[in-house]
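Residue numbers (this note's numbering), protein chains in the order written: chain U, 730 to 880; chain R, 2 to 128.
Below is one structure, written out as structure tokens; comments come after it.
Here it is in structure tokens:
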């Protein structure tokens, strides 16, 4: 009995590690969200912003980081409801509602990881251009082993 | 007689697609304002730089036949001209969605039906 429990715990631990390392299955996005977001940029993962921030993003699509990204009301409502259900209720909205200004993003992409000069390369252009380095970002794969910094 | 009839039917089959206007979405705009659209007005609109220093051409390039590039995100934009991208101008809701967004970004205002019709007439004329 006790032994079984230890095995079970070990297995759960392994699976958690796999998920943590980005090797686990990626939650599929709502197909409508995938289609609409990715017509201009990759569809960012729901866990990149806290629920409260997604709410604000979805309420201001007509002023979306300097661009009009408005959708028909029914589509906006469908995506907003899915994000509300899927995103986590953790922390506050980052400054300017930007993923790239989140504490976790800045820590992961600080100068000890990414040289300042890399951000200015034409092949990168913007911090929001995840797939410039995270080559499988569009599939939700941000595993650090799948990073290729472009020249 | 029989031959004539066959020939007539064959001729109609060839002619009909041309007799109808080139595009149902454009027909919708035409019916809405009961007006006419011109290639020249559409081309002028395509190259008009608005208050945000953006024109349609900024992202869609000088020719709607080219692959474009999103001004902010760098994402490749499939060609706009239906002559090279058959998916364009096939769904009225999609066309409306992009006119709403892009007129706002490029011109800082909504486009009129006249402008939408002129724009489509120009882009459809690009072979």
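Idealized CB from N, CA, C, for every residue including glycine.
I want to see whether chain R comes within less than 8 Å of residue 789/U, judged by CB atoms only; does it? The sequence position of residue 789/U within the first chain is 60, counting from 1. Output row for residue 789/U: interface = no.
At least one CB of chain R closer than 8 Å to the CB of residue 838/U: is that the case? Here residue 838/U corresponds to residue number 109 of the first chain, with the count starting at 1. False, the Cβ-Cβ gap to chain R never drops below 8 Å.
Using three-state DSSP, classify residue 56/R as helix, strand or coil. Position 55 of the second chain, counting from 1, holds the residue named residue 56/R. Correct three-state label for residue 56/R: coil.
I'd like to know whether the C-beta of residue 820/U is nearer than 8 Å to at least one C-beta of chain R. To locate residue 820/U, count along the first chain from 1; it is residue 91. Taking Cβ atoms only, chain R never reaches closer than 8 Å to residue 820/U, which makes this a no.
Around the C-beta of residue 120/R, are 16 or more other C-beta atoms found within 10 angstroms, so that it is buried, or is it exposed? Numbered from 1 along the second chain, position 119 holds the residue referred to as residue 120/R. With 16 or more Cβ atoms within 10 Å of its Cβ, residue 120/R is classed as buried.
Using a cut-off of 8 Å between C-beta atoms, extract the partners of residue 884/U located in chain R. Because chain U in this structure spans residues 730 to 880, residue 884/U falls outside the shown range and cannot be described.
C-alpha distance - residue 751/U paired with residue 785/U, whole-angstrom precision: Reading the first chain from its first residue, position 22 is the one you call residue 751/U. Reading the first chain from its first residue, position 56 is the one you call residue 785/U. Residue confidence is low: residue 751/U scores 45 on pLDDT, short of 50, so the model does not pin down where it sits. Its coordinate-derived value is still stated next. Cα to Cα, the separation comes out at about 28 Å.
For residue 72/R, which option in 847/U, 756/U, 805/U, 770/U has the closest C-alpha, if you only look at C-alpha atoms? Stepping through the second chain from its first residue, residue 72/R is reached at position 71. Cα-wise, what sits closest to residue 72/R is 770/U.
What do you get for residue 99/R, buried or exposed, if any count of 16 or more other CB atoms within 10 angstroms of its CB means buried? Along the second chain, read from residue 1 onward, the residue named residue 99/R stands at position 98. Label assigned to residue 99/R: exposed.
Quick one: which chain U residues come within Cβ less than 8 Å of residue 75/R? Mapped onto the second chain, residue 75/R falls at position 74. Neighbours of residue 75/R on chain U, chain order: 854, 855, 858.
Does any C-beta atom of chain R lie closer than 8 Å to the C-beta of residue 744/U? Taking the first residue of the first chain as position 1, residue 744/U is located at position 15. Because the pLDDT of residue 744/U is 43, which lies under 50, any placement of that residue in the model is unreliable, and the number read from its coordinates should be weighed accordingly. No, residue 744/U does not count as interfacial toward chain R.
Applying the 10 Å Cβ sphere with the 16-neighbour rule, what's the burial state of residue 832/U? Stepping through the first chain from its first residue, residue 832/U is reached at position 103. With fewer than 16 Cβ atoms within 10 Å of its Cβ, residue 832/U is classed as exposed.
For residue 873/U, count the other beta carbons within 10 Å of its own beta carbon; 16 or more makes it buried, fewer makes it exposed. Which is it? Residue mapping note: residue 873/U aligns to position 144 of the first chain, counting from 1. So residue 873/U counts as exposed.
Mapping DSSP to helix, strand and coil, what is residue 88/R? Counting from 1 along the second chain, the entry for residue 88/R is found at position 87. The answer is coil: DSSP assigns residue 88/R none of H, G, I, E or B.
Using the beta-carbon of each residue, which ones in chain U are nearer than 8 Å to residue 71/R? Looking up residue 71/R in the second chain gives position 70. Those within 8 Å of residue 71/R in chain U are 769, 770.
What does a CB cutoff of less than 6 Å around residue 837/U pick up in its chain, not counting 5 residues either side in sequence? Here the question's residue 837/U lines up with position 108 in the first chain. Result list for residue 837/U: empty, nothing under 6 Å.
Going along the chain, which residues of its own chain have a beta-carbon closer than 7 Å to the beta-carbon of residue 777/U, five neighbours each way excluded? Taking the first chain and counting its residues from 1, the one referred to as residue 777/U is at position 48. Here the set comprises 828.
At which residues does the alpha helix (DSSP H) containing residue 110/R begin and terminate? As a working mapping, residue 110/R is identified with position 109 in the second chain. Here residue 110/R belongs to no alpha helix (DSSP H), and DSSP marks it neither H nor E.
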